[in-house]
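Chains as they are written, first to last, in the UniProt record's numbering: chain A, 1 to 443; chain B, 1 to 443; chain C, 1 to 443; chain D, 1 to 443.
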């Protein structure tokens, strides 16, 4: 029997807290899961620094990847024997689902910004380069790894296949919303996935939703909205993210300025040089990062030491509302005052902005255009979701942005009262009254 | 206001997936949670190697410690104004609950065995030594840290206080059963804790259960039984544990034999020397361990390299049922055959036995005597649980043991067929038929 | 000890699937629950005809009433010792919560319309008239029953007390949304009530929500929106409601026209005469209604018999979208055609419209003005919810209406093809294609 | 297409709180559900008088019947293409599952005892007699109704089919345990049904369980045990049951003694005469019973009136532990004393005993022999469950019995203190101290 058709002697299952069970029947999938590049995802948290806000959020990308695979498996199970669905694409879909996040590194967002990396680039490299994953895919058939890479890259010709993995209601989002809600423990993130799966229909080059399932989709969109603002953009999480970025920038700066580390950070060298090869990239998981951050707590450089100590022991920055567009003057004054007070504003004063577009209708030609969710009406016509749903219409295309200014309140408070700048800093940072940020969930 | 009575300006809450919310009102508790020694528990998994069997089980001891605190807080809330309860012990109970696992290191069990450590010893040291935790406790009142240490050590004079933290139905067990069930996703581990908390009564020096709540307690005992055998003693988890132990032993052996590591394992030196101070102990969390295991994948020593590669990439040992008491002859034959085949049996052949006593009535004088669960009958008498419950009686005092033999099936299979030993090894290890251990949940 | 302060020897609890436990400590509450007028609520379904759509929705108003009581009990528990809260009102709140639905009869909506009744009127009568409930309340203190009646009637002077029972986010709504979701099994209806309760604050004459809890309130508003359209206004439920109304109208018509029933419907006589006393009202619960409907299946009157048989055996009317405002001509044509075909359109053709205003800001002076939900901002100001929440703003003040036309498709289909009207009826009713209404959840 | 193979145009689904969705694809099943004899199950509570103990337990047998059907549908879905499974039996299994409880009447147990009825007899009659159900089944193929009746009667030749519906781990039990737990809200009743379904294997004439699923089965057996003692045999429920029986006996007694009822109880006549035909049986649902009980609250006969008033308004009997085998003397004394005090002991003094055999191994030849649960071991052998499981072994074959004595405490307490018998009655009934039974869940 050709490798691509090989079935396990008995179906294997993984106990999964979100989907109850993840089922594996194909030898290929089983082998991919066992590959070192996939096992590595166990050492990278799904939600980066969120565990410092929600202590339950310690789950890994390994978890999520299995979940996305399982959802696609169920969708395809429903598609069998439907027109417009080509069952030859089955294995391709499953592989793309399983592997779509393969290139993520530790704390992806911060690392990507600090070292100009792109995790999607590495996903492609792992699939196409000299890896266990690549070899397994090529055993399916020569060129199969390229197909998988194309699906993940959204360039694969069969857009129906692409849309299962990447659209405004894809398996990726359905898994992470539910999974992140489960592990954080928040009560958002519930929607009736079973129903959504049952009303999905493959129509030509897209997956559409039977209109009778519209309300389940509304619920999903609302879940998404709440999860973004309650969990993903939580200001305490962002505070930890700010510190993390500052650590990376400081270490790079020191490296570039020939600072002598007590132990040479050899895992980081190619990152500092912005010339990261696949092998180096694969080695840098979260345990390595934590190892260095802990070492650096004992470095001579005061800033690096302090920032690492803050991150490791969760002594985070506090925050206030702060709109940089309207408060440029205050910003400049604070920057100057921090300098005067001996607190380096490049590391201890940061505006962070988050914005989200919860749902978008189709706007052709614009950058980052997003395919809309289409409903299949009883008369067979397609109708874009926001034109049928008041609630979705109300948030459709509306970008919301939140700005916060982060700073170390403890340091400011400890400044000598004799210092002329102190009083004004306290005033600008609202430090007279109790501050937010110590605990996120306080009511 | 004295420090011990200080209340937070507003109650703080942590979102917890198991108990919904963890509530903190006392300044002391808030400060303890923020202490570096407590934050360190975020870097130690609650279930050690279980995440290799149940991918959801990635939660940390930080999670669990908050949970135990919360349960004790709720119990005490119900005790207020009851006879036999001294509300002066409130803060002491909360601190002991929060800190009872403070001394755990990474993969405690394996490390303790390999390096002759005792996590309870380190819990005492962290509470009594020169630490942030110690200072906070002494601010409550001089000698308070010793009281906390005594409660955890079960030597504190008020046995009622001790029993909240350590008994056959204490806050520790109630939290971990529910929490571990939640994160692994298994359907065992459910019992009606709300009811159990409501029927707990402080009577002299113990906590007893009103007899009307007996069935909830039965359910708890059954949960415990199922969790031990389905989760804690899962053979795949034990397979990972075996490999982990072998890594530690091999590294120690190499160190003692002056092997030159590519990078000196300085975090491990005091462990190898079996002379671990508090500072060294606190530094060794799981990220450090993983760092070294990853480095060691590139060591020259073939055994260390192979074992680390197995652990990191989850290429575990397979297993068969094997009772060392009855199969000593086979064991010796296998040991000899492995040697002959060039597979070092000291690292690649291991019997692991797990045993559990799900509930025990009181057997005075025996070692490790356990206090029984007593029911408070309607007539005011106390009656030991197993004398009132058929189900509990049936498993009471009955130790159950499970033995398995672990080995690398892949290596054995790859032996040359020309090798005379191979055939016999295959036979003894049952390698003709499909083997268990690749996937735990396969049915 | 005065009756109003009497506590039960031991707290009593009811196992409740929604709130886990309902706790009763006050003798007064215990006695009210045991009163026959309260026990009667066990014989009246909370959701009327919904059980014909969602088979799980068989729960009674007794269930819900206990739930509302429990929620108010928890809210008040959080209010203790807060300014603006007068703990003397505690028992009044609990009684009003427990008794607020006491006057509901079977299938309230249809009965009220058919016989010009008002359940609120009967709630007042039961509390103030010669009943067990009344006597218990007057034992608390003379005039106490009037206070309870006033709170339920929203005329009580302390509006803070009123708002716990009747506002846009009151205990009534919070219970029924969760309870109805639980029993129907739909996945809407989840929101974080525990958090909402914790962020409720009594401020002067209203309950406000700390702004940090806004997202939980958004979730509640969305739940409400989904429950209305997915459950409460489900077209299949409304189909059963239409038939029920027609039965009541037919029976009344026959009675008024001196039709001789096989068994005199003596429970209904005062209803037919539109002169219902309290004693008669209390006797008519759902088992009585079902008794008559079953008898009437064997009546001589063809219409009454058919309608009862439809209701009892769930042979419901089918439906199509139909806007009476725009389709008056079709309506008149259909009415005429039904007559011509021998199907009485007064009983077999009905437009039913449902509309809902999911959230409303304050519009003083308009009829049915609704108090808005106010957020308590960090600076101590109050801010109306929809001014702070995009999602709520989007649905605020927007009434949505759904119109459907109901008719017996089976009868139409069985008309002789020779009948000239048939073809046109089939066309107007869309009867060429498969029709909705047989099963509600079909996708 | 023959009727038996007809598929619905689109799959229909019912929203079910326990199984999430119940799926119907076969026209036959759809028609059976719509039949009046099946719809009648909506008017019969699944748990009889339990709703007076657990207010959530108001669900009907309609609910449960759909649930059993759905479980069998899922089991069969897993069986397809397995040896030993004959897919021709599919529709037969589904019909038998759906219809297995069709003959239940209101409060079955009490009615059966009072009027010497047998619900299984009526199930057979409904399937084989002149009913809508019968006609639908005969359309499948002549003789099909007999096959369905045989499966339910356990006389069908293919025992594998029988065992799906009736065995110690059948679809019936799996549904009711979960469903009754859901609606009562108790925390027992959880087990991993998904896993049990997946490890079920058809082997010759029985369904066996792969040994890897043994723990899930243990959990199921424990659930069953807890549900019996915590829910089904709850003494408060039995108190209501006692009163119900007494009402039926009193009414029959009055009828036989030519008492003149205010309204002739014509629905009951054939029951009193112990000559119930199918038509009469089908008419007597719970609403009819409640109708009469409410009427009888106004009868002249003091006993009938009082008992009905107690049942309707939940003024139940209290109870004490009482073993009739050992306390015959007390029983006789009480009987005599009640008479002396003017309380008719035939209606107001009753011993009720419940007993349960939670699991039984095979005991051939004994009456009511039960087939054991067999495990399929890895070596292909079958092994009876209790021989492999310590926990099951411990409760296997052990009958447990609970005896209680029920009586109206309120009446006894109101006896004149002058009455000589009173003091002794109070003593024998333990009436000095607070009594159980007012509220079941009090701790």
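Each residue gets a CB set at the ideal place from its N, CA and C atoms; glycine is no exception. Just so we're clear, the structure is a prediction, and the values are computed from it rather than from any experiment.
Top-ranked residue by Cα proximity to residue i, from the options
i: residue 307 (chain D); options: D:286, D:135, D:244 and D:274; result: D:244
i: residue 382 (chain A); options: A:228, A:200 and A:297; result: A:200
i: residue 165 (chain A); options: A:71, A:106 and A:218; result: A:71
i: residue 181 (chain C); options: C:410, C:116, C:39 and C:64; result: C:64
i: residue 49 (chain B); options: B:312, B:397, B:337 and B:327; result: B:312
i: residue 129 (chain B); options: B:111, B:103 and B:154; result: B:103
i: residue 300 (chain A); options: A:420, A:217, A:275 and A:251; result: A:251
i: residue 425 (chain D); options: D:147, D:385 and D:334; result: D:334
For residue j and residue i, the rounded distance between their alpha carbons
i: residue 78 (chain A); j: residue 393 (chain A); result: 29 angstroms
i: residue 99 (chain B); j: residue 87 (chain A); result: 56 angstroms
i: residue 437 (chain A); j: residue 12 (chain B); result: Any answer about residue 437 (chain A) is weak, because its pLDDT of 48 lies below 50 and its placement is not dependable; what the coordinates show is given next. The straight-line gap from Cα to Cα measures roughly 11 angstroms.
i: residue 61 (chain B); j: residue 296 (chain B); result: 26 angstroms
i: residue 246 (chain A); j: residue 273 (chain A); result: 17 angstroms
i: residue 442 (chain C); j: residue 97 (chain A); result: Any answer about residue 442 (chain C) is weak, because its pLDDT of 38 lies below 50 and its placement is not dependable; what the coordinates show is given next. Approximately 29 angstroms between the Cα atoms of the pair.
i: residue 10 (chain C); j: residue 25 (chain C); result: 7 angstroms
i: residue 107 (chain A); j: residue 286 (chain A); result: 8 angstroms
i: residue 151 (chain B); j: residue 396 (chain B); result: 27 angstroms
Nearest-angstrom beta carbon gap, residue j and residue i [assumed within contact, 8 angstroms]
i: residue 317 (chain B); j: residue 407 (chain B); result: 6 angstroms
i: residue 447 (chain A); j: residue 303 (chain A); result: The first residue shown for chain A is 1 and the last is 443, placing residue 447 (chain A) beyond what the model contains.
i: residue 344 (chain A); j: residue 404 (chain A); result: About 20 angstroms; that fails the 8 angstroms criterion.
i: residue 428 (chain D); j: residue 413 (chain D); result: The pair is not a contact, with the Cβ atoms about 14 angstroms apart (cut-off 8 angstroms).
i: residue 132 (chain A); j: residue 2 (chain A); result: Contact flag wrong, Cβ pair sits at about 20 angstroms.
i: residue 377 (chain B); j: residue 211 (chain B); result: 5 angstroms
i: residue 54 (chain A); j: residue 143 (chain A); result: Not quite, the Cβ-Cβ distance comes to about 43 angstroms (not below 8 angstroms), so this is no contact.
Whether residue i touches residue j by CB criterion (8 angstroms)
i: residue 175 (chain C); j: residue 68 (chain C); result: yes
i: residue 291 (chain B); j: residue 288 (chain A); result: yes
i: residue 27 (chain D); j: residue 7 (chain D); result: yes
i: residue 375 (chain A); j: residue 222 (chain A); result: no
i: residue 22 (chain B); j: residue 94 (chain B); result: no
i: residue 52 (chain A); j: residue 231 (chain A); result: no
Chain E residues whose Cβ lies nearer than 8 angstroms to that of residue i
i: residue 356 (chain D); result: Looking at the structure shown, chain E is missing, and the protein chains on hand are A, B, C and D.
So if I threshold CB-CB distances at 9 angstroms, which residues from the stretch 226–245 of chain B count as touching chain D?
226, 229 and 230
What are the residues in the stretch 263–275 of chain C lying within 8 angstroms of chain D by C-beta distance?
Taking 8 angstroms as the Cβ-Cβ cut-off against chain D, none of the residues of the stretch 263–275 of chain C qualify.
For the stretch 20–32 of chain A, enumerate the residues whose C-beta is nearer than 9 angstroms to any C-beta of chain D, in chain order.
20 and 21
Output, in sequence order along the chain, the residues in the stretch 178–191 of chain B whose CB is closer than 8 angstroms to any CB in chain A.
182, 183, 184, 185 and 186
With 8 angstroms as the C-beta to C-beta threshold (strictly closer), list the residues of the stretch 406–432 of chain C near chain B in chain order.
Those would be none; no residue qualifies.
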